[in-house]
Amino acid sequence: MRLQQKILLLILPLILIPIIVLGVFAYKYSLNAQDKLEEVKLKSDIKYRVNQVNLYINDIKSAVEFLASNKQFSDALSSKTSTDVMNDVNAEFIKFSQVYSGVSQLTLIRHDGKLVTQSLVNEAVSPLINKLPLLNKMQWHLITSSGSANPLIGIQQPIIKLDTRNNSTTLGFVNIVFKPAWEDKLKLVKENGDKFMISDLVGNLLFSYPEGEMGTTIPRDIFRKLRNVTQFNQSATFKLGSNHIFFSGKKMSGQYLFLYGQDKKYVIESKTEITLIASVIFLLTIITSTILVYYSTQHLVISQIKKLADAKKKVAQGKFDIKLTTDSEDEFSELFSAFNVMVRQLVVYREKERDGRLRLEYKVKERTEELQATNKALEKSNIALEKAKVTSEQASELKSAFVANMSHEIRTPLTAILGFTEQVIADSPRGSHQLDLLGRVLISGKHLLALINNVLDVSKIEADKLEVEVTQVDLFELFNDVVSLLSTQASDKHLDFKFNYIYPIPRYIRTDSTRLKQILLNLASNAIKFTKAGAIGIDVKYLAAESKLEVTVTDTGVGMNEEITQSLFQPFMQADVSISRRFGGTGLGLVISKNLAKLLGGDISVTSEVGKGSEFVLKINLAADDNELDLVLINSLMDLAQDQGQVFGFIADKEKESIIGKNVTGRVLVAEDVEDNQYLFKLLLDSLSVEYEIVSNGEEAVEKALSDEFDLILMDMQMPIMGGVEATSLLRQAGIDVPIYALTANVMKEDLQRHLEAGCTGTIAKPIVRKEFIAIIHSALSGVKEVDYTNILEEKLELLKQDYVSQLPEQSQLISTHLTMKDLLGLRAELHKIKGTAGSYGFMVLTNLAEEVENFCVDKKDTDLFWSDVNAHIFTLLQTMRNIIDAESKQ
C-alpha cells in the first residue's frame, strides 16, 4: 500500500467520523424538532378549533338568552294564554330562524314540561324536550339524529320572572336546536389529512370527519389512550384502519372530547424533504473532504517524500555528490538538510569503518585465541566436576551398601544369639536364675535388633528410599495391638495407662499399618520411658473438616523447654546429653516417626513444659494414596461390636487352632553357611520332629533339591560359591515348585522384591523369631494359612485367658450386687479391676467400657438420675461380659 493511500486511510476517518457524527446528530435533531413542531402545531390546531366551536356556541347562547327575555314569552307561559300572544311568540321564532340559518327547531316549554308552542324548521328533528333535563340554568348538548349525519347542538334557556321582592320564579324554557356547519367552523380539509372526532366520555362517537371511518363507537383500547392524551394535554400516534394518525384533544363542557389528528404520511413527506437535503449535504461534504485531503497530501507530502526516495536510491548506487534543495521552510526542508549532512558524514564513516574493520579483525583473532584457551580450561573443570559427581554418587551407593552389609553382618550372629536364647528359655524350668539371665540377654538382643532397624530406616530416609505400602487397615484392631504391647510396659513402671476414643472414629483407613504402628509405638514408648510417675494417655480423634486422623500422646514426664523441642526431630538428637545416660536410646525414633508421618500424608507436632510433661500430636490422612475410601464411622463401642460381627475384640464364630503343639511331617532342606545358625535351625527343627538336611552354599542346595525330594526349602541369600538368589532361580528354572523361603538379614523393600522375582515364596528375616519361624514351618508342611499367625497364642496364655473368662460370671454378679445396693465405692473398685486386667487377655473393648463407666462415676452426686445413667452403662458392660462368656464356651 502506497504512503498516499495510507495517509488517506489515516486522515479521512479523522475528518469523516466527526462529520458523520455531527450529520447524524443534526439529522436526528432536525427530525426531533420537526416532531416537536408537528406536536405543537397539532395542539395549536385543536385549541383553535375548540375555540371556534366555543365562540359559535356562545354566540348562539347569547342570541337565545336575548330571545328568552322577550315579554311575549313570559306572557305565553302565564296561565292566561291568548291567540295573539301565541302568534307573537311564533313570529319571534320565525325572525330568529331567519337570522340564524342553521336553526332546525324552536320550542317553548312550561316549567312542568308541558309544550306551549313549537316551530319546526326541519321536521325530521325530534323535540329537545326528550333530550335535556329541565334545569334553572342555561345548558347546551350535542344531539344525534337519524335525519342528520352530523350532531346537532341543543341549547336550553330558562325564562325567569322576578317579583317585587326580587324572588325568582321559573316560568318555563326556550329550547333551540340548530345544525352547525362543522367543516366550515372547524376549518377541516380532507386533502391535508385532517381527522376530527367528537365523542362522549364513554367512547360513543358523535361526529367524525371524514364521515364513515370510525363507525359509531371508538374501540376501547384506542379510546382509553385518546382520553389520556386529552387529560394530560399530550399527543400520540394511533392506527386507524390502514393509516397512522397523529392525535391531540381537548375536553369540552366537561362532557365531550374534541379530538383532532393528522395522517402521518403528510408529516413524513416533510421529513423526507429534510432527509434528502441532509443526505445531499452530507455526501457533498465527504466527497469534497476526500478530494481536498488527496491533493493536499500529494502536493505537500508525497512529492517531497518521492524526491527524498530518489536521492536515497542514488546514494545506494554510490553517488555521494547528491544534494537536496527545497523552496519552502518547513519540516521537509529540515529533513533535506539532515539528509545532506548524513551523506557527507557517510563518506567519513566509510573511511573510519574500513580502519575499524581492520582493527576489529585483529582483536577478534586475539580474543578467539583467548576463548579457546578458556574453553579448554572449562572442559577440564567439567571433567573434574563429572568425576566428583560420580564419586559422590558412588559414595552414596557405597554408604547404602555398607549399611545393608553391616546390617546383614550384625543380624547374622544376632540370629544365633536370639535363636539360641529363645530355645534355651523355652526348654528351661521356670524360676531358675539362668532363665532370668537369659531373659536379659534376649531383651538386650531385641534392643540391638531395634537399633539396627532404626539405623536402616534413617539410611533409607537419607537416600530417599523409604517407602510405604498402603492397604485398608482396621483402626481398632491396630490400636488393640498397640495397647496390648504398651500396657505391660506401663504397668511395669506402675504408670496409669489411659486409652480413649473420641467418637465418631473411622472403622477403616488406607495407610501402612506397619509404619503407623511403628510411629505409635515410638511415641508411646518414649512417653513411658521419660515418665517416672503419673499417667500416659492416648486420645484418638477423627477430624472431619480436615479428613484426618489425630492421635495425641500425653505424659507427665520430665518435659522439655522450647529450645530442645525445636531440635527434637533431628537425627541423633536428644533433650540433653544426660538423657542418653539416664534413659538410653539413639535419638532416631522421633526422626523416623516424623518422616513416616509425612509419607502417610501427615505430620507430628510437640508441645512440652519442663517438669509437667509433653504432648505429641500425630495427624495423618485417612487415605495415604489416591484410592477412594469407603468411610464407616463408629459412634460407640456397641457400634463397633455390631460392625465387626465380633464380641468386642474376641472372635465368636471362628475356631482357633493351637498350632505350636501340632505334629507336622515333611522334609526340609536348609541352606546356611554360618555354623551357629546351622545349629540353631537344627534345634528348632528337632523340636518340631521333622526330617531335614543342612548344606553350606547354594550349589549344594541345588544339587540336593534336584537329587532328592523336599517339602520345604529354607535358603540363605548370602552364601559362598553360589548365593541364594542364583540358587533359587536355577531351581525354579528346573521346575522345582516346592515353597522356598529366603533367610536374610537384608529386609529392605528392594531386597524383598528381588527375592520374590527370583522365585522365593516368602522371606524369614534374621534374627529368627522362634514363634514366627515355627508358624511358617507349620504353614508350609501342614497347610495352616499364614494369615492365622496373629491368632497363635502360647498354651499357658490360653489357659490364663480361660481362667479369666471363668471368673467373669462371679464378677458380673458382684457388679450387679453393688449396683442394686448403690455401693459406689465397691462398684468403682470392680470396674477398676476389669479396666486393669481385661485388656491383657485380648478384651480391650471390655477394658475401655469399664474405664468409661469408672470415669462417669467420678465426682457425681448420688441422685436417682445419676443411678439411672449408671444402670444404663452397667447394662452394656454386663451384656459384653455375657457375650464373652458365651463365645469362650463355644471354643
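All letters in the sequence shown, in the order written, are residues 1 to 891 by UniProt numbering. Every residue gets a Cβ at the ideal spot worked out from N, C-alpha and C, and that includes glycine.
- For Tyr56, three-class secondary structure by DSSP: Note: Tyr56 maps to helix in three-state DSSP.
- Query: Terminal residues of the continuous beta strand (DSSP E) containing Ile252?
  - Reply: Position check: residue 252 holds Met in this sequence, whereas Ile was assumed. From DSSP, the beta strand (DSSP E) with Met252 extends over 243-252.
- For the alpha helix (DSSP H) that Leu849 lies in, which residues bound it at each end? Start and end: 844-856.
- Query: Pairing CB atoms from the region 758-765 with CB atoms from the region 734-746, are three or more of them under 8 Å?
  - Reply: The answer is yes - the region 734-746 touches the region 758-765, with three or more Cβ pairs under 8 Å.
- Query: Taking all protein chains shown into account, do 16 or more other C-beta atoms lie within 10 angstroms of the C-beta of Pro13, making it buried, or fewer, making it exposed?
  - Reply: Counting the other CB atoms within 10 Å of its CB gives Pro13 a total below 16, which places it among the exposed residues.
- Assuming Leu475 and Arg507 form a contact by the criterion Cβ under 8 Å, report the distance between their Cβ atoms to the nearest whole angstrom. With 8 Å as the limit, Leu475 and Arg507 qualify as a contact, their Cβ atoms being about 7 Å apart.
- Check the C-beta distance from Glu854 over to His832 and give it rounded, since I have them as a contact under 8 Å. The C-beta distance from Glu854 to His832 rounds to 6 Å, short enough to meet the 8 Å contact threshold.
- Query: Roughly how far, in whole angstroms, is the beta-carbon of Phe178 from the beta-carbon of Gly102, given that I think they are within contact range, below 8 Å?
  - Reply: About 4 Å separates the two Cβ atoms, so the contact holds.
- Item | Whole-Å CB distance - Lys704 paired with Val695, under 8 Å assumed | Rounded, the Cβ-Cβ distance is 6 Å, consistent with contact.
- Task: Using the Cα positions of Glu331 and Lys41, report the straight-line distance between them to the nearest angstrom.
- Result: Straight-line spacing of the CA atoms in Glu331 and Lys41 works out to 59 Å.
- Item | Contact check, Gly613 vs Gly557, beta carbons under 8 Å | In contact: Gly613 and Gly557 (Cβ atoms closer than 8 Å).
- Message: Suppose you measure from the CA of Tyr48 to the CA of Ile218; what does that come to, to the nearest Å?
- Response: Their backbone Cα atoms lie some 24 Å apart in a straight line.
- Task: Tell me whether the beta-carbon of Val293 lies closer than 8 Å to the beta-carbon of Ile15.
- Result: Against a cut-off of 8 Å, the Cβ pair of Ile15 and Val293 comes out as a contact.
- Task: Give a yes or no on whether the minimum CB-CB distance between Asn375 and chain D is below 8 Å.
- Result: As a matter of chain content, chain D is missing from the structure shown, which is built from one protein chain.
- Query: Excluding five sequence neighbours on each side, which residues of the same chain lie with their C-beta closer than 7 Å to the C-beta of Ser729?
  - Reply: Ala758, Gly759, listed in sequence order.
- Item | For Ala533, three-class secondary structure by DSSP | Look at Ala533 here: in three-state DSSP terms it is coil, with no helix or strand label.
- In terms of residue numbering, what span does the beta strand (DSSP E) encompassing Met197 cover? That run of the beta strand (DSSP E) goes 194-200.
- Message: Per the DSSP calculation, Met715 is bridged to which residue(s)?
- Response: Met715 has Ala671, Ala742 as its beta-bridge partners, per DSSP.
- The alpha helix (DSSP H) enclosing Ala181, as first and last residue numbers: Run containing Ala181: none; DSSP gives neither H nor E here.
- Message: With a threshold of 6 Å on Cβ separation, who are the neighbours of Leu162 within its own chain once the five nearest residues in sequence on each side are excluded?
- Response: If we look at Leu162 and ignore the five residues flanking it on each side, its Cβ neighbours are Ser168.
- Task: Scan the UniProt domain "HAMP" (299-351) and note each continuous alpha helix (DSSP H) run of 4 residues or more that stays entirely inside, going in chain order.
- Result: Listed in chain order, the complete alpha helix (DSSP H) runs (minimum 4 residues) inside the UniProt domain "HAMP" (299-351) are 303-316.
- Query: Taking C-beta to C-beta, are Ile176 and Ile143 nearer than 8 Å?
  - Reply: Contact check for Ile176 against Ile143 fails: the beta carbons are separated by 8 Å or more.
- Close beta carbons around Glu699, own chain, < 6 Å, minus the five adjacent residues each side: The residues Ile721, Met722, in chain order, have a CB closer than 6 Å to that of Glu699 in the same chain once the five nearest residues on each side in sequence are set aside.
- Express the C-alpha separation of Leu55 and residue 936 in angstroms, rounding to a whole number. Beyond the ends of the chain as shown, which are 1 and 891, falls residue 936; an answer cannot be given.
- Lys654 (DSSP reduced to helix, strand or coil): With a pLDDT of only 34 at Lys654, under 50, the local geometry of the prediction cannot be trusted, and the value read off the model is given with reservation. DSSP places Lys654 in coil when its eight states are reduced to three.
- Straight-line CA distance for Thr326 to Ser333? Answer to the nearest angstrom: the Cα atoms are 6 Å apart.
- Query: According to DSSP, what are the bridge partners of Ile291?
  - Reply: Residue pairing of Ile291 in beta bridges, as defined by DSSP: absent, with no partner found.
- Would you please state the rounded distance, in angstroms, between the beta carbons of Leu849 and Thr880? I believe it to be under 8 Å. Right, the Cβ-Cβ distance comes to about 6 Å (below 8 Å), so this counts as a contact.
- Should Gln394 go down as buried or exposed, given a rule of 16 or more other Cβ atoms within 10 Å for buried? Around the C-beta of Gln394, fewer than 16 other C-beta atoms lie within 10 Å, and the residue is accordingly described as exposed.
- Message: I need the straight-line Cα distance from Thr500 to Leu478, nearest angstrom please.
- Response: Sequence check: residue 500 is Asn here, not Thr. C-alpha separation (whole angstroms): 14 Å.
- Item | Collapsed DSSP secondary structure at Ser816 in the structure displayed | The answer is helix: DSSP assigns Ser816 an H, G or I state.
- Message: Given this structure, state the Cα-to-Cα distance separating Ala63 from Lys187, to the nearest angstrom.
- Response: In this structure, the alpha-carbon of Ala63 lies about 24 Å from that of Lys187.
- Item | Close Cβ partners of Ser119 (< 8 Å) along its chain, the five nearest in sequence each way excluded | Around Ser119, the same chain offers Asn90, Phe93, Ile94, Ser97, Gln105, Leu106, Thr107 as residues with beta carbons nearer than 8 Å, after the five sequence neighbours per side are excluded.
- Query: Among the residues of its own chain, which have a CB less than 6 Å from the CB of Ser547, if the five just before and after it don't count?
  - Reply: Same-chain partners within the cutoff: Leu622.
- Task: Please look up how many angstroms separate the CB atoms of Glu65 and Gln139, rounded, as I've assumed it's under 8 Å.
- Result: The distance from the Cβ of Glu65 to that of Gln139 is about 12 Å, inconsistent with a contact at the 8 Å cut-off.
- Query: Helix, strand or coil: how does DSSP classify Leu827 here?
  - Reply: Leu827 carries a helical assignment under DSSP once its states are collapsed to helix, strand and coil.
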